[in-house]
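Participant: Counted from 1, the sequence shown has number 292 at position 97 by the numbering used here; the numbering is strictly sequential. Glycine is no exception: its CB is placed at the ideal position from the N, C-alpha and C atoms. I have a structure I would like to understand better, so I am pasting it below and will then ask my questions one at a time.
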Amino acid sequence: MTSHHILVVEDEQEIRELLQYSIGRSGYTVSVVPDAESALVQLQNEAPDLILIDWMLPRMNGIELARRIRHDQYTKDIPLIMLTARGEEVDKLKSFDAGVDDYVTKPFSPRELNARIKALLRRVGDLEGSQLSVEGLSLDTVAHSVCVKGDYIHLRPTEYRLLELFLRHPKRAFHRSQLLDLVWGRSVFVDERTVDVHVLRLRKALHEYEMDTLVQTVHGVGYRLNPAFASA
Ligand code: CA
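This is the structure:
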């Protein structure tokens, strides 16, 4: 399995570097950003396996960021750990209210933080439904990996999200407009033909494995998972 990807949102450079170093040393892939705004931009392109958020950030604070992450259907299930200053009991309560899974009090020991990360990832990984599969293909929603006939293949974020959506709803046919809403989000203004372009890319990626018919065209409607594969 590929290593878990952890996103760190921390404005203080020293702590950010410490986090990058100590988390990276535990074998995780780490990306760091200095504020909530950069985190939201990064999240549009790639969903990490866990996000570590400092409570005190400039402009948009950590709680507001956590709320936004929880309100976006593509990031709502990502485990969140909040870094708080000592003794902020009320803040801690608020952070749980915002959907934070765990918190670590500053100053923290890197060892303890890593133990919390590991425990949380394990807890999430144990949840049922991390594997979505059909005959010959499985998608791991925790590892964000796609395995086709024994090979791990790389999909771009949009193709990955399309595939995940079809696998989650194997009996449903989606209109192009629904796919736009669910995969691209309502706020994005793109043409419905964009859906066709990305379905084509997904099929191309699966072609080599003779699974390009996995996503079926439903004439006059849009697309659905091919029922021939769904019997796995
Ligand atoms: Ca801070």
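1. Given a cut-off of 8 Å on the beta-carbon distance, is the pair Met-277 and Ala-261 in contact?
2. Just to confirm, does Leu-327 get its C-beta within under 7 Å of one of the non-hydrogen atoms of ligand 1?
3. Report whether the distance from the Cβ of Asp-249 to the nearest heavy atom of ligand 2 is below 7 Å.
4. Around the C-beta of Arg-356, are 16 or more other C-beta atoms found within 10 angstroms, so that it is buried, or is it exposed?
5. Around the Cβ of Leu-395, are there at least 16 other Cβ atoms within 10 angstroms (buried) or fewer (exposed)?
6. If you follow the alpha helix (DSSP H) that Ile-258 is part of, which residue opens it and which one closes it?
7. I think Ala-400 touches Leu-360, with their Cβ atoms under 8 Å apart; what is that distance to the nearest whole Å?
8. Within 10 Å of its beta-carbon, does His-414 have 16 or more other beta-carbons around it, so buried, or fewer, so exposed?
9. Could you tell me if the beta carbon of Leu-252 falls within a distance shorter than 7 Å of some heavy atom in ligand 1?
10. How about the region 375-394 and the region 326-333: do they share at least three Cβ pairs that are nearer than 8 Å?
11. Hey, Ile-273 and Val-204: beta-carbon distance below 8 Å or not?
12. Grab the span of the alpha helix (DSSP H) containing Arg-388 for me, first residue to last.
13. Give the single residue among Tyr-223, Pro-243, Asp-206 and Val-416 whose Cα lies nearest to the Cα of Thr-336.
14. For Phe-361, report the span of its beta strand (DSSP E) as first-last.
15. Measuring from the CB of Glu-205, is there a heavy atom of ligand 1 at a distance below 7 Å?
16. Starting from the Cα of Arg-311, find the closest Cα among Phe-424, Ala-425 and Ile-201 and give me that residue.
17. Under a Cβ-count criterion, where at least 16 other Cβ atoms within 10 Å of its own Cβ denotes burial, should Thr-279 be classed as buried or exposed?
18. Shortest alpha-carbon distance to Val-295 belongs to which of Phe-424, Thr-270, Lys-366 and Leu-362?
19. Excluding the 5 residues preceding and the 5 following Ala-240 in the sequence, name in chain order all residues of the same chain whose CB lies nearer than 8 Å to its CB.
Facilitator: Per the coordinate set shown:
1. yes
2. Answer for Leu-327: no, Cβ out of range of ligand 1.
3. Of the ligands one can find in the structure shown, namely ligand 1, none is ligand 2.
4. buried
5. exposed
6. Run containing Ile-258: 257-266, per the alpha helix (DSSP H) assignment.
7. 16 Å between Cβ atoms; not a contact.
8. exposed
9. yes
10. no
11. no
12. 388-402
13. Pro-243
14. From DSSP, Phe-361 is part of no beta strand (DSSP E) but of the alpha helix (DSSP H) over 352-363.
15. Yes, the Cβ of Glu-205 comes within 7 Å of a heavy atom of ligand 1.
16. Ile-201
17. buried
18. Thr-270
19. Residue identity check: residue 240 is Asn in the sequence provided, not Ala. Pro-352, listed in sequence order.
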